[in-house]
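Written below as structure tokens is the structure these notes are about.
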Ligand SMILES: [Fe+2]
Ligand SMILES: [Fe+2]
């Protein structure tokens with residue numbers, strides 16, 4: 011693919027992904043503030059930005075492989091985040107005395123480890139065809155299998171903070 015266009019697709023993918031999450035955050039805030047119709051608009055735009063992001067990602071060469079390949083890629087990405095990326099972010103937050111960011115980065119790093127473990131398991135379970143249900147902590151992103159725990163092992167959040175992924 012032409013070089014500039016490939017770069018632009020990668021840029022647009024990142025920008026639209028961000029916009030999607032940001033609009034979802036705006037939607038949650040609008041819900042909290044008692045504006046359900048505005049929340050729906052933010053959510054609709056979030057969904058639309060996600061459509062754009064997916065469209066660009068599909069056009070980028072080699073970004074989506076077979077499910078086996080994607081599990082391996084996802085596994086490697088979690089390891090990279092855990093080993094190469096989060097430690098520096100944690101150190102910077104610590105150096106600057108940013109306690110809340112420090113905690114957010116530290117918990118995320120621990121959770122990435124768990125994500126990697128789940129991918130590894132899924133690679134094996136794919137062959138065994140094991141049925142697994144996942145519950146995601148809405149505070150730190152920890153993922154529990156088969157049931158939500160009483161408390162999140164990473165951040166301590168209560169059971170009701172876990173979202174069942176369908
Ligand atoms: Fe992760
Ligand atoms: Fe958590």
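Numbering (my numbering), first residue to last: 11 to 176.
No residue lacks a Cβ here, since even glycine has one placed at the ideal position from N, Cα and C.
Could you tell me the distance, in whole angstroms, from the CA atom of residue i to the CA atom of residue j?
i, j, result
"residue 168", "residue 90", "29 Å"
"residue 101", "residue 43", "36 Å"
"residue 39", "residue 49", "8 Å"
"residue 46", "residue 123", "36 Å"
"residue 107", "residue 135", "43 Å"
"residue 175", "residue 109", "30 Å"
Can you list, in chain order, the residues of its chain whose CB lies under 6 Å from that of residue i, leaving out five sequence neighbours each side?
i, result
"residue 143", "156"
"residue 154", "145"
"residue 26", "59, 62, 63"
"residue 119", "92, 96"
With a threshold of 7 Å (Cβ to nearest heavy atom), would residue i be considered close to ligand 1?
i, result
"residue 149", "no"
"residue 121", "yes"
"residue 91", "yes"
"residue 64", "no"
"residue 125", "yes"
Under 7 Å: does the beta carbon of residue i sit that close to some heavy atom of ligand 4?
i, result
"residue 88", "You won't find ligand 4 in this model; what it holds is ligand 1 and ligand 2."
Answer with yes or no whether the minimum CB distance from residue i to chain B is below 8 Å.
i, result
"residue 166", "Absence of chain B from the displayed structure is noted, only one protein chain being present."
By Cβ distance below 7 Å, which residues in the same chain neighbour residue i in space, the five residues on each side in sequence not counted?
i, result
"residue 125", "88, 153"
"residue 121", "150, 151, 152, 164"
"residue 69", "19"
"residue 30", "56, 59, 60, 63"
"residue 11", "71"
Indicate, with yes or no, if ligand 2 has a heavy atom lying under 7 Å from the CB of residue i.
i, result
"residue 167", "yes"
"residue 164", "yes"
"residue 152", "yes"
For residue i, which residues from the same chain have a beta carbon less than 8 Å from its beta carbon, with the 5 sequence-adjacent residues on both sides left out?
i, result
"residue 104", "112"
Discussion item. Quick check on the DSSP output: what are the complete alpha helix (DSSP H) runs of length 4 or more inside the segment 52-131, in order along the chain?
Written reply: Qualifying alpha helix (DSSP H) stretches, in chain order: 77-90, 96-105.
- [ ] Indicate whether the contact test is met: 3 or more Cβ pairs, each with one atom in the segment 67-80 and one in the segment 15-29, closer than 8 Å.
- [x] Counting C-beta pairs closer than 8 Å gives three or more between the segment 67-80 and the segment 15-29, which meets the contact rule.
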